[in-house]
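K.L.:
The structure's right below; bear with me while I get my questions together.
Number of protein chains: 2
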Amino acid sequence: MKEKTPDMRRSGCPINVMLETLGDTWSLLIVRDMMFFGRTTYNEFLNAGEKIATNILSDRLQRLECAEIIEKRRDPDDARKFIYRLTERGIDLAPMLVEMILWSDRNEKTDAPSEAIKAMKKDRDAFVAGVRKSWAKGNQA
Amino acid sequence: MKEKTPDMRRSGCPINVMLETLGDTWSLLIVRDMMFFGRTTYNEFLNAGEKIATNILSDRLQRLECAEIIEKRRDPDDARKFIYRLTERGIDLAPMLVEMILWSDRNEKTDAPSEAIKAMKKDRDAFVAGVRKSWAKGNQA
DNA sequence: CAAAACGCTTGCAAAACGCAAGCAATTGGC
DNA sequence: GCCAATTGCTTGCGTTTTGCAAGCGTTTTG
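These protein sequence lines map, in sequence, to chains A and B. Add 5 to a position in the first sequence, counting from 1, and you land on the number used in the numbering used here. Add 5 to a position in the second sequence, counting from 1, and you land on the number used in the numbering used here.
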């Protein structure tokens, strides 16, 4: 899988760069699953709320890995499994995801737990710091 | 054009809601053109950096209007033209777009002017407030 | 009054997506 | 040690979405 070089981009606009990397229907849902629900394996992503197809999931995991947003390792306890984790770049998407959540919450009824929303609204930076922290803790284990 | 009711959604997850509304390659680029470059007409969007096709542009403008993210009015000075503007919901996307810009800036070389990036990094809320303010001013005229 | 500008729509080929089936490697139960 | 089940895919194929070029109706300009 090739990495995307600047000259094959539609434009160098930062918003466009982000969209070319993550701007499809599924990539950010996978990131969400990892970041907020602690999902790590292919089957966990498959069985998440939105029912992604197997071939699309496979493709997106490869692209995310290629973009260095996630990394793939063998599960040391079960060689059939792979464990997918967010890289630094991936966790770094937290502020953006939080703003997405807050925008949706302002405009439509959603399933987000109201306490989480309240915490995000009260202090976004603190909420993001909490995500980072719990992520660091999880990665020690 | 029908509006999307909660029961035709893949899920009620706020991130999914946002993606179903704006999660394609073009919608957010149109919002960007309006928010940061003050573009307002079909041809201005067409001639923006990324070269969207005419049918896609037409379709996305309709969807954005249907989602009440933009609104369409006749140009009072030229009846051939329509003027598209962001609604409150649309301007409300500013924090999310700013986080997208900052994420891209952290990870790749982009075309974003460094002073603007600096201002965003220094105080995101102040930057967003500035966008809002200039938008309000523009809408008076 | 003819030519150009503007905002589309249409037709068609190419790409992406969605679903079901299949498959290799590994594991757990007997 | 063997066979069924689990895991993480790939393949085929029909449907949907996209991209490109051309055309069209309305309005404006020269």
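Yeah, the Cβ is synthetic: ideal placement off N, Cα and C, and Gly gets one too.
Between the region 112 to 129 of chain A and chain B, which residues of the former have a C-beta closer than 9 Å to a C-beta of the latter?
P.N.:
ASN112, GLU113, LYS114, THR115, ASP116, ALA117, ILE122, ARG129
K.L.:
How close, in whole Å, do the beta carbons of A:LEU98 and A:VAL22 come, if the pair is a contact with beta carbons under 8 Å?
P.N.:
Wrong, their Cβ atoms sit about 13 Å apart, outside the cutoff.
K.L.:
What number of angstroms, rounded off, separates the C-alpha of A:ARG54 from the C-alpha of B:ARG15?
P.N.:
Correcting the residue type first, residue 54 of chain A is Gly in the shown sequence and not Arg. Taking the straight line from one Cα to the other gives about 8 Å.
K.L.:
Which value, in whole angstroms, describes the spacing of the CA atoms of B:GLN67 and A:GLU73?
P.N.:
B:GLN67 and A:GLU73 have their alpha carbons spaced roughly 35 Å apart.
K.L.:
Mind listing, in chain order, the continuous alpha helix (DSSP H) runs of no fewer than 4 residues lying wholly within the region 103 to 138 of chain A?
P.N.:
DSSP runs (the alpha helix (DSSP H)) wholly in the region 103 to 138 of chain A: 119 to 127.
K.L.:
My assumption, with CB atoms under 8 Å, is that B:ARG78 sits in contact with B:PHE87. Please give the rounded CB distance.
P.N.:
Approximately 7 Å separates the beta-carbon atoms of B:ARG78 and B:PHE87; this is inside 8 Å, confirming the contact.
K.L.:
Just to confirm, are B:MET125 and B:LEU107 a CB contact at a threshold of 8 Å?
P.N.:
yes
K.L.:
Going along the chain, which residues of its own chain have a beta-carbon closer than 7 Å to the beta-carbon of B:TRP31, five neighbours each way excluded?
P.N.:
ILE57, ILE61, ARG65
K.L.:
For chain A, find out if any of its Cβ atoms is closer than 8 Å to the Cβ of B:LEU24; answer yes or no.
P.N.:
Yes, B:LEU24 counts as interfacial toward chain A.
K.L.:
Using a cut-off of 9 Å between C-beta atoms, extract the partners of B:LEU62 located in chain A.
P.N.:
By Cβ distance, chain A contributes nothing, its closest Cβ being about 14 Å from B:LEU62, past 9 Å.
K.L.:
How many angstroms separate the CA atom of B:GLY143 from the CA atom of B:ILE20?
P.N.:
The alpha-carbon atoms of B:GLY143 and B:ILE20 are separated by roughly 30 Å.
K.L.:
With DSSP as the reference, label B:LYS142 as helix, strand or coil.
P.N.:
helix
K.L.:
In this structure, does DSSP put B:ILE57 in helix, strand or coil?
P.N.:
coil
K.L.:
Out of A:THR26, A:GLY17, A:ALA141, A:ALA84, which has the shortest C-alpha to C-alpha gap to A:LEU91?
P.N.:
A:ALA141
K.L.:
Where in the region 44 to 102 of chain A do unbroken runs of the beta strand (DSSP E), each at least 3 residues long, occur, reported from the N-terminal end onward?
P.N.:
75 to 79, 87 to 91
K.L.:
Please check if any C-beta of chain A sits within less than 8 Å of the C-beta of B:SER109.
P.N.:
yes
K.L.:
Using the beta-carbon count (16 or more within 10 Å), is A:THR115 buried or exposed?
P.N.:
Answer is buried; the Cβ neighbour count reaches 16.
K.L.:
Buried or exposed: A:PHE42, going by 16 or more other Cβ atoms within 10 Å of its Cβ?
P.N.:
The residue in question, A:PHE42, is exposed, as its Cβ has fewer than 16 Cβ neighbours within 10 Å.
K.L.:
I'd like the span of the alpha helix (DSSP H) that includes A:SER16, first residue to last.
P.N.:
Note, A:SER16: premise wrong, no alpha helix (DSSP H); not H, not E.
K.L.:
How would you label A:MET40, buried or exposed, when you count the other beta carbons within 10 angstroms and need 16 or more for buried?
P.N.:
buried
K.L.:
Give me the Cα-Cα distance between A:MET13 and A:LEU69, rounded to the nearest whole angstrom.
P.N.:
18 Å
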